[in-house]
Structure formats: structure tokens, C-alpha cells
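**Student:**
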Amino acid sequence: MNLNLRLLFASALIALVTSGCGQKDTSSTAAAAPAGPRTVEITAGDNMKYSLNSISAKPGEQITVVLTNIGTQPKEVMGHNWILLKAGSDVEAFDKAAALAKDTEFFPKDLAGEVLAHIELLGPRKSGEVTFTAPTTPGDYPYLCSYPAHFQVGMKGVLTVR
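Listed below in C-alpha cells is the structure:
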């Protein structure tokens with residue numbers, strides 16, 4: 372093969388290989404993937420307080436709450452959980468029932484119908500998470516730690532849907 376024919380062949384090959392480079396793909400398969408849930412990170416420690424006592428959400432928004440127990444005391448004396456209740460729930464009654472539910476890690480099974488989402492009781496340096504859909508009805512939805520006495524000293528918050 373002579374030199375001119377080789378150059379012509381090489382040029383054609385390069386043009387073929389690079390013909391799609393730099394062009395935007397507008398096909399339907401290139402559609403943006405739907406956004407995943409928004410992540411809200413909360414810490415709780417030996418001071419019996421959540422790092423975040425209010426969360427705002429849009430109606431129907433997907434949310435992942437990640438709770439991390441940054442404390443050092445054993446779960447049996449300083450465990451933490453996160454329980455989101457329906458709007459209008461009697462949070463104090465839920466907390467009182469939870470204090471009697473030691474066998475289910477302070478989650479009162481008979482009041483499970485009041486719960487929208489929850490993270491189990493966590494020991495020190497442990498994390499848990501829950502993904503849920505925010506209610507579609509605007510309002511205030513309380514959350515709490517149901518470990519005995521934690522709610523009473525302020526380990527609580529509100530998810531506000533607007």
C-alpha cells in the first residue's frame with residue numbers, strides 16, 4: 372500500500388472514531404436520573420439532646436434520616452432512637468408507654484399506629500437510618516427519643532411539612 376493510500380485510510384479511521392466526541396447525547400436514555408431522598412443527619416450523645424430539633428420538608432418529599440449516637444455510655448444506660456409520630460399525636464402519652472416497653476427497646480408496639488418512621492435504639496458510636504416519604508398534609512409532626520427520661524429533658528423535635 373503506498374503512502375498516500377495509508378494516509379487517506381488513517382484519516383478516514385480517525386474521523387470515524389472521533390465523529391461522536393464532544394456531542395451532547397439528547398436521546399431519551401440519557402435523561403437525568405430522578406433525585407434520591409434528601410439526607411438529614413442527626414447526632415445524639417451523652418447530653419441527651421439531638422443535634423437537630425427541627426426539620427423542614429415539602430409534602431411528599433423523600434427523606435432519609437441518619438441518626439448517629441456519638442456518646443460513650445453503654446446502650447443499656449444511654450441508648451438513643453428516633454421516632455417520628457403523626458401530627459396531633461399525644462407525645463407525652465407515647466413517651467410514658469415507651470418507658471414501660473423495655474422488652475421492645477422502648478418502642479411501644481401497641482402505639483405503632485402513631486408512628487410514621489423510626490430508627491431503632493442505638494448504642495455508642497452506632498448509626499441507624501430510615502427513609503420515608505414526608506406526609507402530604509402540611510403540619511407539624513413530632514419526633515422524640517423514647518429512651519426513659521430523654522424526651523422529658525428535651526430530646527425531641529418537629530418535622531414541619533410546608
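Note that our numbering numbers the sequence shown so that position 59 is 430, with each residue one more than the last. Glycine is no exception: its CB is placed at the ideal position from the N, C-alpha and C atoms.
(1) Can you look up I482 in the DSSP assignment and give me helix, strand or coil?
(2) Less than 7 Å between C-beta atoms, sequence neighbours within five positions excluded: which residues of the same chain meet that for K497?
(3) Is it true that the CB of A415 sits closer than 8 Å to the CB of C516?
(4) Can you give the Cα-Cα distance for F478 and Q433, rounded to whole angstroms?
(5) May I ask you to report which of helix, strand or coil DSSP gives V411?
(6) What is the residue span of the beta strand (DSSP E) that F465 lies within?
(7) In whole angstroms, what is the alpha-carbon distance linking T410 and D474?
(8) Within the continuous beta strand (DSSP E) that includes A527, where are the two ends?
(9) From the DSSP secondary-structure annotation, give me the bridge partner or partners of D511.
(10) Less than 8 Å between the CB atoms is what I'm expecting for E476 and L456, so what's the real figure, rounded?
(11) State buried or exposed for S460, treating a residue as buried only when at least 16 other CB atoms are found within 10 Å of its CB.
**Tutor:** According to the data block:
(1) First, the residue type needs correcting, since residue 482 is Leu and not Ile in the sequence shown. Here L482 sits in helix by DSSP.
(2) So the qualifying residues of the chain are N440.
(3) With a cutoff of 8 Å on beta-carbon distance, C516 and A415 are scored as near each other.
(4) Q433 has its alpha-carbon roughly 24 Å from the corresponding atom of F478.
(5) Three-state DSSP puts V411 in a strand.
(6) Counting along the chain, F465 falls outside any beta strand (DSSP E), though it belongs to the alpha helix (DSSP H) covering V462 to A470.
(7) So the alpha carbons of these two residues sit roughly 30 Å apart.
(8) Correcting the residue identity first, residue 527 is Lys in this sequence and not Ala. Taken as a continuous stretch (DSSP letters only), the beta strand (DSSP E) holding K527 covers K527 to V532.
(9) D511 is bridged by DSSP to T531.
(10) In this structure E476 is not in contact with L456, their Cβ atoms being roughly 17 Å apart against a cut-off of 8 Å.
(11) Buried.
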